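K.L.:
Below is the structure I would like to discuss, written out as structure tokens.
Numbering (the numbering used here), first residue to last: 5 to 508.
Okay, structure coming up:
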């Protein structure tokens with residue numbers, strides 16, 4: 005445990021690590037810094053009073069596996085997520101529900117995230133990816149520096165909107181009210197603002213969050229009512245209707261809950277409708293945030309590693325044909341082709357290893373201990389267990405050459421020194437509370453890279469950006485300019501200033 009102050013807990017012990025980072029650096033960096041310096045076993049207690057309750061910070065693979073996969077902690081949701089997710093989702097959701105309720109809703113959505121079902125969605129993913137390709141083309145033609153992550157967030161919102169609602173939002177051009185409200189909610193939702201009582205109740209912030217939530221609920225509620233009427237009518241006339249979107253899975257769950265079409269009421273039950281709205285808001289948030297940050301970091305790393313970019317393009321030529329324009333039809337008609345993009349898969353996994361889109365969290369249980377890498381036992385006693393994916397995924401104990409971008413490590417045999425340590429890659433977590441959408445995200449990223457990587461050169465423009473936007477203090481973490489910042493999820497610093505050009 006760090007040195008404790010009776011009045012300020014461990015805040016003073018954290019200060020040197022905070023001071024050694026850019027002011028906007030993600031909190032995982034200073035938590036991880038303490039692990040490196042003082043806790044070789046990978047676990048320590050942290051008292052964050054008055055901002056937060058007791059924490060167990062965890063970067064031990066053994067302790068993480070116990071917490072997420074092997075003990076009574078595994079299915080338990082972290083208590084703080086109720087407050088953290090309230091403005092995003094509006095109410096109980098797959099991240100925050102207690103175990104029994106969570107299992108019920110998870111079972112509703114599981115069929116929609118099977119690999120077979122995801123392949124049915126591939127034509128929609130291809131359609132949206134081509135819209136993104138057009139955006140990159142427009143950026144290249146203008147020749148302007150852009151913050152690629154900001155541009156990409158609009159696109160990924162459109163993509164997840166198509167998959168959740170089966171309707172294109174066309175967010176940026178039409179200023180779609182659902183997309184605008186969600187993106188605004190994320191801007192107002194800074195992690196420390198949810199945990200810090202001094203800023204949590206800032207009146208302007210509260211007003212915007214209330215307004216955004218009201219607009220999202222109205223939009224989704226209208227969609228649910230409209231889809232329910234069409235769904236009910238289709239079933240009454242023997243038509244299965246749309247079976248692809250998340251919203252159709254919600255209605256399928258409602259059908260089962262009511263015991264068949266003959267028992268369906270004229271309109272959706274208000275309680276069910278509210279809970280359905282919370283889940284849809286959750287999917288919209290999680291589905292756009294992770295995809296954007298992971299895609300941007302993949303582009304960034306490919307540009308920094310030209311040999312990897314060359315191999316990626318060679319794989320796309322070999323699997324998809326040398327004409328990039330023909331790839332869209334091939335992928336749409338034969339989604340299984342995506343399984344052949346093994347190097348592309350390695351690129352994505354390496355990007356998410358080096359820049360994981362989120363940390364993990366579980367709630368401790370009285371009487372349940374976790375054991376660090378040195379065999380030391382830590383009673384969890386209802387503490388928040390904060391799992392540092394970034395520290396685990398760059399730890400030399402688990403990863404040879406941990407800070408290097410090596411997509412080949414995902415293609416080697418088990419006897420190769422580069423072969424990944426079991427359970428050490430955790431962007432989507434493991435165990436019962438793992439991310440339901442991981443297969444969807446991986447396939448989205450494969451499609452987008454397959455349809456863009458051969459046509460565009462995407463190069464970071466941090467040096468140029470820093471000349472126009474100078475600031476005091478540090479601007480790198482361990483020499484890395486594209487360090488992660490907190491914008492609900494983890495994103496590249498300054499949203500990755502870039503210049504996009506057509507490949508010569």
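From the three backbone atoms N, C-alpha and C, an ideal C-beta is built for every residue, glycine too. Keep in mind it's a predicted model, so treat the numbers as computed, not measured.
#1: The alpha helix (DSSP H) with residue 502 in it runs from where to where?
#2: Residue 475: buried (16+ other C-beta within 10 angstroms of its C-beta) or exposed?
#3: Alpha carbons only, please: which of 115, 252, 183 is nearest the one belonging to residue 223?
#4: Would you kindly work out how many angstroms separate the C-alpha atoms of residue 180 and residue 288, rounded to a whole number?
#5: Figure out for me which residue from 261, 268, 447, 145 has the closest Cα to the Cα of residue 1.
#6: Please classify residue 114 as buried or exposed, where buried requires at least 16 neighbouring CB atoms within 10 angstroms.
#7: Give me the residue from 191, 496, 129, 230 with the minimum Cα distance to residue 213.
#8: Is the region 466-483 touching the region 329-342 in the sense that three or more CB pairs, one from each, lie closer than 8 Å?
#9: Does DSSP put residue 484 in a helix, in a strand, or in coil?
#10: List, from N- to C-terminal side, the alpha helix (DSSP H) runs of 4 residues or more that fit wholly inside the region 79-121.
#11: Compare the C-beta of residue 350 against all C-beta atoms of chain D and say whether one is closer than 9 Å.
#12: Helix, strand or coil, according to DSSP, for residue 434 in the structure here?
#13: Look up residue 381 in the DSSP assignment and say whether it is helix, strand or coil.
#14: When the Cα atoms are used, what is the spatial distance from residue 322 to residue 36?
#15: Report the rounded CA-to-CA distance for residue 69 versus residue 32, giving the unit in angstroms.
#16: Does the distance from the C-beta atom of residue 497 to that of residue 29 stay below 9 Å?
#17: Out of 34, 171, 310, 91, state which residue places its alpha-carbon closest to the alpha-carbon of residue 218.
#18: Out of 275, 366, 360, 304, state which residue places its alpha-carbon closest to the alpha-carbon of residue 75.
#19: What is the DSSP secondary structure of residue 344, counted as helix, strand or coil?
#20: Under 9 Å, do residue 468 and residue 501 count as touching if we go by C-beta distance?
#21: Based on the DSSP output, what are the partners of residue 493 in its beta bridges?
#22: Less than 9 Å between the C-beta atoms of residue 152 and residue 165, yes or no?
#23: Which whole-angstrom value is the C-beta distance of residue 445 and residue 294, which I expect to be below 8 Å?
#24: Output needed for residue 140: all residues of its chain with C-beta closer than 7 Å, excluding positions within five of it in sequence on either side, in chain order.
#25: Report the rounded CA-to-CA distance for residue 441 versus residue 494, giving the unit in angstroms.
#26: Who does residue 150 pair with in a DSSP beta bridge?
#27: Expressed to the nearest angstrom, what Euclidean distance is found between the alpha-carbon atoms of residue 157 and residue 371?
#28: Can you give me the start and stop residues for the alpha helix (DSSP H) that residue 595 sits inside?
#29: Taking Cβ positions, are residue 587 and residue 133 nearer each other than 9 Å?
#30: For residue 458, name the three-state secondary structure that DSSP assigns.
#31: Could you check how far apart the C-beta atoms of residue 304 and residue 272 are, in whole angstroms? I think they sit under 8 Å.
#32: Which partner residues of residue 373 appear in the DSSP bridge assignment?
#33: Return the CA-CA distance between residue 228 and residue 435, expressed in angstroms with no decimal places.
#34: If I measure Cβ to Cβ from residue 136 and keep anything under 6 Å in the same chain, skipping five residues before and after, which residues do I get?
#35: How about residue 25 and residue 346: are their beta carbons less than 9 Å apart?
#36: Residue 302 and residue 449: beta carbons closer than 9 Å?
P.N.:
The short version:
#1: Within the chain shown, residue 502 is the residue found at index 498, counting from 1. No alpha helix (DSSP H) contains residue 502, which is instead part of the beta strand (DSSP E) from 501-506.
#2: Here residue 475 is taken as the residue at index 471 of the chain shown, counted from 1. Classification of residue 475: exposed, given that the 10 Å Cβ count is below 16.
#3: Taking the chain shown and counting its residues from 1, one reaches residue 223 at position 219. Of 115, 252, 183, the residue nearest in Cα terms is 183.
#4: Walking along the chain shown from the start, residue 180 turns up at place 176. Walking along the chain shown from the start, residue 288 turns up at place 284. Between residue 180 and residue 288, the C-alpha separation is close to 13 Å.
#5: A question about residue 1 goes unanswered here, because the residues of the chain that appear run from 5 up to 508.
#6: In the chain shown, residue 114 corresponds to position 110, counting from 1. Classification of residue 114: exposed, given that the 10 Å Cβ count is below 16.
#7: Here residue 213 refers to the residue found at position 209 when the chain shown is read from its first residue. Comparing Cα positions, the closest option is 191.
#8: no
#9: To locate residue 484, count along the chain shown from 1; it is residue 480. The answer is strand: DSSP assigns residue 484 an E or B state.
#10: 85-93, 103-113
#11: Considering every chain present, this structure includes no chain D. It has just one protein chain.
#12: On the chain shown, residue 434 is found 430 positions in, with the first residue counted as 1. Coil at residue 434, not helix or strand.
#13: Residue numbering aside, residue 381 sits at position 377 when the chain shown is read from its first letter. Strand.
#14: Here residue 322 refers to the residue found at position 318 of the chain shown. Here residue 36 refers to the residue found at position 32 of the chain shown. Their backbone Cα atoms lie some 41 Å apart in a straight line.
#15: Here residue 69 is taken as the residue at index 65 of the chain shown, counted from 1. Here residue 32 is taken as the residue at index 28 of the chain shown, counted from 1. Their backbone Cα atoms lie some 19 Å apart in a straight line.
#16: The residue you call residue 497 lines up with position 493 of the chain shown. The residue you call residue 29 lines up with position 25 of the chain shown. Closer than 9 Å, so yes.
#17: In the chain shown, the residue the question calls residue 218 occupies position 214. Residue 91 is the option with its Cα nearest to residue 218.
#18: The residue labelled residue 75 in the question sits at position 71 within the chain shown. Selected option, being the one with the closest Cα: 366.
#19: Position 340 of the chain shown holds residue 344. Note: residue 344 maps to helix in three-state DSSP.
#20: To locate residue 468, count along the chain shown from 1; it is residue 464. To locate residue 501, count along the chain shown from 1; it is residue 497. Contact flag set, yes.
#21: The residue labelled residue 493 in the question sits at position 489 within the chain shown. According to DSSP, which records beta bridges pairwise, residue 493 is partnered with 491.
#22: To locate residue 152, count along the chain shown from 1; it is residue 148. To locate residue 165, count along the chain shown from 1; it is residue 161. Going by C-beta atoms, residue 152 is not nearer than 9 Å to residue 165.
#23: The count along the chain shown starts at 1 and reaches residue 445 at position 441. The count along the chain shown starts at 1 and reaches residue 294 at position 290. Sure, about 6 Å apart at Cβ, within 8 Å.
#24: By one-based count along the chain shown, residue 140 stands at place 136. Excluding positions up to five away in sequence, the list reads 456, 460, 504.
#25: Locating residue 441 in the chain shown gives position 437, counting from the first residue. Locating residue 494 in the chain shown gives position 490, counting from the first residue. So the alpha carbons of these two residues sit roughly 17 Å apart.
#26: Position 146 of the chain shown, counting from 1, holds the residue named residue 150. Residue 150 pairs with 502.
#27: Sequence index remark: in the chain shown, residue 157 carries index 153 (1-based). Sequence index remark: in the chain shown, residue 371 carries index 367 (1-based). Whole-angstrom Cα-Cα distance: 43 Å.
#28: Only positions 5 to 508 of the chain appear in the structure, and residue 595 is not among them; the question remains open.
#29: Residue 587 cannot be examined here, being either before or after the span of the chain that is shown, 5 to 508.
#30: Within the chain shown, numbered from 1, the residue matching residue 458 stands at position 454. Residue 458 falls in the coil class under three-state DSSP.
#31: Reading the chain shown from its first residue, position 300 is the one you call residue 304. Reading the chain shown from its first residue, position 268 is the one you call residue 272. Rounded, the Cβ-Cβ distance is 44 Å, inconsistent with contact.
#32: Counted from its first residue, the chain shown places residue 373 at position 369. 383, per the DSSP bridge assignment.
#33: Looking up residue 228 in the chain shown gives position 224. Looking up residue 435 in the chain shown gives position 431. For residue 228 and residue 435, the distance between alpha carbons rounds to 31 Å.
#34: Reading the chain shown from its first residue, position 132 is the one you call residue 136. Answer for residue 136: 159, listed in chain order.
#35: Position 21 of the chain shown, counted from the start, is the residue given in the question as residue 25. Position 342 of the chain shown, counted from the start, is the residue given in the question as residue 346. No.
#36: Here residue 302 refers to the residue found at position 298 when the chain shown is read from its first residue. Here residue 449 refers to the residue found at position 445 when the chain shown is read from its first residue. Contact: yes.
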